[in-house]
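Residue numbers (this note's numbering), protein chains in the order written: chain A, 7 to 771; chain B, 83 to 201.
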């Protein structure tokens, strides 16, 4: 037989399979290593620190779990959050993440490895990313073969779309959830393919783990029924489908109700009804199949058909009826906002205000997935060509995932796995075609097993040269598809092969460079610690947040309540260990609106609110001095909107704009804006910093007025090095019963006769 | 509805033929499984009727009991279809022994959660 390049002969098939599986294992290990290593930029560039906002709460909860045990954690009531309401933490969280770290912590300590809980938390996400790579490998293997699986594992290991949520230190639910997502899907596909109750049960158990770990479990809850329903509608009902789905649903649903935060939702809310409906439908169909197997007459089959449709309609009517009667809760707002992108902004500003809930800009698809984005449609097309049950699943997942990723930035995360899988299918098909050494149109060569072995050998040994993981394990397909080349067109000669393969490897290496660059530059910042460059190019660390939080921790009584916008609630609780009014849990919209109202009204209006909530310190984030754009003035309009949602008479958004409709902070700013507490706190004494020169807000690029705002009801307590965090102390009521404004005016009037600077120094206390 | 158009004597004959065909064609093992399925269905119906008619007060207990019957029902039904000789081609990778092992394991996991949920 003619081959494009010489093949070594005389290798036994056993040697070939063994070598191939050894190479696979080594490749998977290397992929895991790469996945973990690329997530360590954050630790290397900064330090081993918990990132962002939510991870700080998870970290704090994990510390409770590690130090006080699981039962204490389960019953934990946190009186310092949502002051004065408190928060039942055990019943309002997904405990999977903390439980996972707790288990790891206890195992390591049982082995006498005294690892700090913080390091476990920091490194949990990279560790699980290796498992995700493995789960994706298993999943893709079911779709195509091992070589595609390895490609998919390599892709998911370094794709920025997933790295963005799983760098070291980003200790959030998503860190373990994507692994659970992929593994549940793998178990489901496996259960469906084999009709195995074991894999169905495994899917149920991992679904439970997923429910315990992330609110995004609803994605699985609806994906699997959707897949099952599509298969039924395609006329592909089999007993395997029944076995897989029923065992998954029966165990998974019951298990999911064990999580206190989920509770009875699986039987009471509309989000979960699709799964229940498909479950019921499957029972009916299975029963109908059973009856049909015992009956022969066509008339009765028609009768059964009518009965099945009738009961299906009856079932859905019952669900609708129950929804109307209030037994089943209708869709929640979060769900509506997925269909109507304008919904959240109108009705639930608190959801719309979160930056990761914004619609995705198209460059971010390229940024997060680069090459994979172009291979994705090709992979989906290849799924259409085969269209086995599992391919239907990938197609549905691709459609649903793409839609959701377009609606919300954060859902890019759920799209990434399917993109990696389909891109791997596409690329590995390409490589299979072009690495396959068999030349077409040689009909007289009729020795399929021999040629299969030979081709296998070549690619296996050839993988030493090709450093990409794809090349090594792509041979099983070649072996499988050997009988086909005779009937279908193939590739002639070595040059055509080399051109394509060289190009593919070129693109893959650019992908690797891109991923590394994006990871190190865009996704590895802890956001608690900021980095900037010195004039000589060296790194300069801006550590204002921790400076301020530690100031609070060390200089204020432990009971003093700190008010800030909800973004910083978890950080204050985690780093400063002080009670906060609102935090990132955002369960109580009114409470958040109260804070928003205090921030956006005048001092006179805000002061009673502050006093009623026992607020001792108010913390604002101000980036005007060094150009930190994520500051409170930029978030201010959301505070106004959320407050307006509750007090439409007192707070009106248009008042905060100039008559021309601009959002300004300089002399043209509206009076309401200038008198708002947030504005005053942010720019208090800002102009003085410039020593008579023109004060510039470097975030908004506006020149500030010479005469800055004055504060009567608050005292500046602390301002960090770069002015990012400013902390103000709320004054107590005047001892003589005057309102603080007149008291201040009085004391200032007296002081002015003596000397001005003393007043200022007093104010700094 | 098609059901109402067909006359009642015809329906009884349908049921009779069905019952006869079932009795003739089903192996004894499967009949045994079916008896258990029937019992589970009755148990589920009784629990559901109790919940609707009397009270659903410890809702978690009701859910646990009801899920236990439903879960056991579907697991048993799965076992039935897996060991059914007619389905041999569909379940190539699941031998009857494997099916029974899966069934036992699934039941244990199910009842672990049921027990945890009874409260």
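Cβ atoms here follow ideal geometry from the backbone N, Cα and C, with glycine treated the same way.
The structure presented is a predicted model; accordingly, all values stated were derived computationally and were not measured.
Which residues does DSSP pair with residue 84 of chain A in a beta bridge?
Paired residue(s): A:93.
Whole runs of the alpha helix (DSSP H) within the stretch 104–173 of chain B, excluding any shorter than 4 residues
110–135, 141–165
What are the uninterrupted segments assigned as alpha helix (DSSP H) that are 4 or more residues long and contained completely in the stretch 250–281 of chain A, given in chain order?
271–274
Taking the C-alpha atoms as reference points, what is the distance between residue 672 of chain A and residue 372 of chain A?
38 Å
Just the C-alpha distance for residue 218 of chain A and residue 186 of chain A, rounded to the nearest angstrom, thanks.
10 Å
List the residues of chain B whose Cβ lies closer than 8 Å to the Cβ of residue 257 of chain A, in chain order.
153, 188, 191, 192, 195
Does the beta-carbon of residue 32 of chain A have 16 or more other beta-carbons within 10 angstroms, so that it is buried, or is it exposed?
exposed
First and last residue of the uninterrupted alpha helix (DSSP H) at residue 777 of chain A:
Any answer about residue 777 of chain A is impossible in this case: the structure gives chain A only from 7 up to 771.
Chain A beta carbons: is any one of them nearer than 8 Å to that of residue 184 of chain B?
yes
Taking C-alpha atoms, which residue in A:358, A:328, A:329 lies nearest to residue 342 of chain A?
The shortest Cα separation from residue 342 of chain A among A:358, A:328, A:329 belongs to A:358.
So which of A:540, A:542, A:48, A:63 has the shortest CA-CA distance to residue 93 of chain A?
Ranked by Cα distance from residue 93 of chain A, the first of A:540, A:542, A:48, A:63 is A:63.
To the nearest angstrom, how far is the alpha carbon of residue 119 of chain A from that of residue 556 of chain A?
30 Å
Could you tell me the distance, in whole angstroms, from the CA atom of residue 254 of chain A to the CA atom of residue 139 of chain B?
27 Å
Specify, as a first and last residue, the run of the alpha helix (DSSP H) that residue 98 of chain A falls within.
Segment: none, residue 98 of chain A is in no alpha helix (DSSP H) and carries neither H nor E.
Touching by the beta-carbon criterion (3+ pairs, under 8 Å), the stretch 274–287 of chain A and the stretch 182–197 of chain B
no
Does residue 45 of chain A come out as helix, strand or coil in the three-state DSSP assignment?
Reduced to three states, the DSSP call for residue 45 of chain A is coil.
Short-range partners of chain B found in the stretch 377–405 of chain A, where Cβ spacing is below 8 Å:
none
From the DSSP secondary-structure annotation, give me the bridge partner or partners of residue 9 of chain A.
A:444
Using a Cβ-Cβ cut-off of less than 7 Å, give me the residues of the stretch 230–251 of chain A that come near chain B, in sequence order.
244, 245, 246, 248, 249
Min CB distance residue 145 of chain A to chain B below 8 Å:
Taking Cβ atoms only, chain B never reaches closer than 8 Å to residue 145 of chain A, which makes this a no.
List the endpoints of the continuous alpha helix (DSSP H) containing residue 503 of chain A.
500–527
Buried versus exposed call for residue 240 of chain A [16 or more other C-beta atoms within 10 Å across all chains shown]:
Classification for residue 240 of chain A: exposed.
Taking the alpha helix (DSSP H) that residue 693 of chain A belongs to, which residues open and close that run?
Here residue 693 of chain A belongs to no alpha helix (DSSP H), and DSSP marks it neither H nor E.
Hey, quick one: how far does the alpha helix (DSSP H) through residue 536 of chain A stretch, first residue to last?
Here residue 536 of chain A belongs to no alpha helix (DSSP H); instead the beta strand (DSSP E) covers 536–539.
Could you name the residues of chain A that residue 138 of chain B contacts, counting a contact when the two beta carbons are closer than 9 Å?
Those within 9 Å of residue 138 of chain B in chain A number zero; the least Cβ separation is about 10 Å.
Using the rule of at least 16 other Cβ atoms within 10 Å of the residue's Cβ for burial, across every protein chain shown, is residue 609 of chain A buried or exposed?
Burial state of residue 609 of chain A is buried, judged by a 10 Å Cβ sphere holding 16 or more other Cβ atoms.
Below 8 Å between beta carbons: does that hold for residue 35 of chain A and residue 430 of chain A?
no
Sequence-distant residues of its chain with Cβ nearer than 8 Å to residue 662 of chain A (five each side left out)
606, 642, 643, 646, 669, 676, 678, 679, 682
Against chain A, does residue 103 of chain B count as a neighbour if the rule is that its beta carbon must be under 8 Å from one of theirs?
Cβ-Cβ to chain A under 8 Å: yes for residue 103 of chain B.
Measure the C-alpha to C-alpha separation of residue 564 of chain A and residue 88 of chain A and round it to an integer number of angstroms.
16 Å
Terminal residues of the continuous alpha helix (DSSP H) containing residue 622 of chain A?
From DSSP, residue 622 of chain A is part of no alpha helix (DSSP H) but of the beta strand (DSSP E) over 621–627.
Is residue 270 of chain A close to chain B, meaning its C-beta is less than 8 Å from at least one C-beta of that chain?
yes
Which of the three DSSP states, helix, strand or coil, is assigned to residue 242 of chain A?
coil
Can you pull the chain B neighbours of residue 261 of chain A, defined as C-beta to C-beta under 7 Å?
195
Nonlocal neighbours in the same chain, by C-beta distance under 7 Å from residue 367 of chain A, ignoring five residues either side
none
Give the range of the beta strand (DSSP E) segment to which residue 731 of chain A is assigned.
731–736
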